[in-house]
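> With my numbering applied, the sequence shown corresponds to residues 21 to 159, in that order. Glycine included, C-beta positions come from ideal geometry on N, C-alpha and C.
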Amino acid sequence: MEIEPSLHDYWRTVKKRKWIVVAIASVTAIGSFVYTQVQTPLYRTSGMVRYEPPSGMMLGVDTGNWDPYTALKTQARALGSADLKEKVSRRLGKSVKFSASQVPDSNLIAISATNVNPAEAADVVNAVMEIYAEADLEA
21 MEIEPSLHDY WRTVKKRKWI VVAIASVTAI GSFVYTQVQT PLYRTSGMVR YEPPSGMMLG
81 VDTGNWDPYT ALKTQARALG SADLKEKVSR RLGKSVKFSA SQVPDSNLIA ISATNVNPAE
141 AADVVNAVME IYAEADLEA
């Protein structure tokens, strides 16, 4: 007949090996602290643009049959295109990385940039939105 260990038996084992438990907890805590201190912080900035499909007649085409879902998806892809990234890079004088994605169930496009410098991330997002607005005014 086997005797099942009781809670008291487990506690006695933990007490007997308390220095191992303390050592493991200390190494884990110190390792976590060092890891978080060594990490470079990344800042994410985001902005949103609203896409308004044209109304009425545009260039002789009736926009009443305009597919807003497809148009919004096209605008989101255009905002994330290599061509726009090149324009933003030229404007800011450095290589940039950003992404653009459609916000579900809306006519909004989210633009976000990640950088080690929060001001630079904001500059990228602002430049993308400015270039998009300028292109929209030209069209």
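1. If you follow the alpha helix (DSSP H) that L62 is in, where does it begin and where does it stop?
2. One question on the structure: do Y71 and N127 come within less than 7 Å of each other, judged by their Cβ atoms?
3. Under a Cβ-count criterion, where at least 16 other Cβ atoms within 10 Å of its own Cβ denotes burial, should Q59 be classed as buried or exposed?
4. Does R70 come out as helix, strand or coil in the three-state DSSP assignment?
5. Determine whether the beta carbon atoms of R37 and S132 lie at a separation below 7 Å.
6. Return the Cβ separation of V108 and P61 in integer angstroms, given the expectation that the two are a contact with Cβ distance under 8 Å.
7. With distances taken Cα to Cα, identify the nearest neighbour of A102 among A153, A91, V116 and Y89.
On the basis of the coordinates in this document:
1. Translated into the one-based positions of the sequence shown, residue 62 becomes position 42. Note, L62: premise wrong, no alpha helix (DSSP H); not H, not E.
2. Working through the sequence shown from its first residue, we reach residue 71 at position 51. Working through the sequence shown from its first residue, we reach residue 127 at position 107. A contact, by the Cβ cut-off of 7 Å.
3. Position 39 of the sequence shown holds residue 59. Exposed, because fewer than 16 other Cβ atoms sit within 10 Å of the Cβ of Q59.
4. Working through the sequence shown from its first residue, we reach residue 70 at position 50. Strand at R70.
5. Walking along the sequence shown from the start, residue 37 turns up at place 17. Walking along the sequence shown from the start, residue 132 turns up at place 112. No. Outside cutoff.
6. Locating residue 108 in the sequence shown gives position 88, where the first residue counts as 1. Locating residue 61 in the sequence shown gives position 41, where the first residue counts as 1. Rounded, the Cβ-Cβ distance is 23 Å, inconsistent with contact.
7. By one-based count along the sequence shown, residue 102 stands at place 82. Checked all of A153, A91, V116 and Y89; the closest Cα to A102 is V116.
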